[in-house]
Structure formats: C-alpha cells, structure tokens
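Read in order, the letters of the sequence shown are residues 1 to 193 in full-length UniProt numbering.
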Amino acid sequence: MSLFKKIVGKILNQPEDDENQDLVKLGDQLKNADLDYKFAQLFTHSGGFFNYCGDEAEALQTLNHILKIEDIKSVFCWDHDLKNFLDVVKVPYTTELELFNDCAFITCEYLIAYDGRIMLSHNNILHYHSSRLPQKIIIMANVSQIVTNLNDAMAKIKRNGNIRNLTSISGGNSKLDTPNKDNTKLFLLLLED
1 MSLFKKIVGK ILNQPEDDEN QDLVKLGDQL KNADLDYKFA QLFTHSGGFF NYCGDEAEAL
61 QTLNHILKIE DIKSVFCWDH DLKNFLDVVK VPYTTELELF NDCAFITCEY LIAYDGRIML
121 SHNNILHYHS SRLPQKIIIM ANVSQIVTNL NDAMAKIKRN GNIRNLTSIS GGNSKLDTPN
181 KDNTKLFLLL LED
C-alpha cells in the first residue's frame, strides 16, 4: 500500500475513531457516576434528546411539546398505555407501522448506561426491524430500566424469558448504528418509578 493511501485512510477514518475514543473516554470519566447520570450523559453525547419527567403529567407536557416542535402528524404506537397519552394530546396514530408515520412512540426493554444505547424487543416494536422505524422516535421509560451494561440487560431478559427481536438504538450522532440511520431523532422521556 502506498504512503498516500495510508495517509488518506488515516484521515478518512479519523473522525470516527475520534468519536469512538470520545465515547470511551467519557465512559471512563463517568465510571463512578450514578447509572442514571452516566446513561443521560452518554445518550445525549450520541445525539439523543434526554427529557427527565417527574411524573406522567410532566411527561404528557413534554410529549406534547415534542410533537408540536417536530411537526408530527401521524404516530406509530401500539402500546395501550402510550395510546392514552396520544389520545389526550389528540395526535393521530396507527397500531401498525405505515409509510406515512413520521414518528414512533414506543417503550423499551432497558437503557444501557455503558454506552447510552436503548434496548428494544418485540414487546416494543412488534415484528418490525428498527431500521424501518420513522426518523423520529419517542421512547418512554422508567429510571428502573437503567442497567449497567449489555450483559446486565441480557441476564434480565434471560430471566424474563420469551423475548425476541432484540436490538438496540442510539442517537443520530452515534457511529454504533447503521449508516442509513444517521438522521434519526431519538427522544427519551424518562419517568421516575
């Protein structure tokens, strides 16, 4: 390989390497932090929009604000409890994913503090692959769903049994996801239990 190709290769790979190093460095700096704080920092570092909500009323206000700011017209939401929120704010939704949905409003399995990722399963997105979700995703979760790392999440899932279609997502700046999802806007409404 010529010296020119080696130099160009290093230059082209540098931003991704720097970003991954930044994530690792931030993770190391936060290793002794509370799990919720560490998760929030790494989630926002990856480009996610973190919203702490003290109760359901505050979550409803935040949801309504996001829907208006993002000009969301149609939402994919099949979770019964979440549909109640959408009924209150009077936003149309479908229980099956449609091409015209400009947002998904879903729950999740776990929030992984190690890298700020959100674990999803069939319980959250049915049989759909995460890459088929709309570019705007709003997730509602509880503080008790924060786990230390992927091993912790997998151990809990194994105990619960019969969970399939496992995947994880992160904010649009993350280099951990597939390249075609770089423009995803990921909003998290985190509620106290």
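Note that the Cβ used here is the ideal one computed from N, Cα and C, for glycine as well. Computed from a prediction, not measured in an experiment: that's the story for all the values here.
Closest Cα partner of residue i within the set the options
i           : options                              : result
Ile-146     : His-45, Ser-46, Thr-62 and Leu-191   : Leu-191
residue 222 : Val-89, Asp-55, Glu-109 and Leu-133  : With the chain running from 1 to 193 in the structure shown, residue 222 is simply not present.
residue 194 : Asp-36, Phe-85 and Asp-81            : In the structure displayed, the chain extends from 1 to 193; residue 194 sits before or after that span and is not available.
Asn-123     : Lys-156, Asn-162, Asp-36 and Lys-68  : Asn-162
Ser-144     : Ile-169, Leu-133, Leu-60 and Ala-113 : Ala-113
Leu-60      : Ile-169, Lys-83 and Phe-43           : Lys-83
Glu-98      : Arg-132, Leu-42, Ala-33 and Asp-34   : Arg-132
Asp-102     : Glu-70, Asp-28, Glu-109 and Asp-81   : Glu-70
Euclidean distance between Cα positions of residue i and residue j
i           : j       : result
Ile-11      : Asn-165 : Caution is warranted here: a pLDDT of 34 is assigned to Ile-11, below 50, making its placement in the model unreliable, and no coordinate value can be reported.
Gln-135     : Lys-185 : 6 Å
Leu-120     : Ser-130 : 8 Å
Val-89      : Ile-72  : 12 Å
Asn-173     : Gly-47  : 5 Å
His-45      : Gly-116 : 8 Å
Ala-40      : Asp-79  : 24 Å
Asn-160     : Ile-118 : 18 Å
Thr-148     : His-65  : 30 Å
Cys-77      : Leu-63  : 13 Å
residue 197 : Leu-111 : The structure shown does not extend to residue 197, since the chain is modelled only from 1 to 193, so the question has no answer here.
Ile-125     : Thr-95  : 10 Å
Asn-183     : Ile-137 : 11 Å
Ile-157     : Leu-150 : 10 Å
Asp-34      : Thr-167 : 25 Å
Ile-169     : Phe-43  : 10 Å
residue 194 : Asn-142 : This structure does not reach residue 194, given that the chain is present from 1 up to 193, and the question cannot be answered.
Leu-189     : His-127 : 23 Å
Asp-22      : Asp-28  : 10 Å
CB contact flag (residue i, residue j, <7 Å)
i           : j       : result
Val-75      : Tyr-52  : no
residue 226 : Leu-30  : Absent from the structure is residue 226, since the part of the chain shown begins at 1 and ends at 193.
Thr-107     : Met-154 : no
Phe-100     : Phe-187 : no
Residue i, buried or exposed, once every other Cβ within 10 Å from all chains shown has been counted against 16
i       : result
Ala-104 : buried
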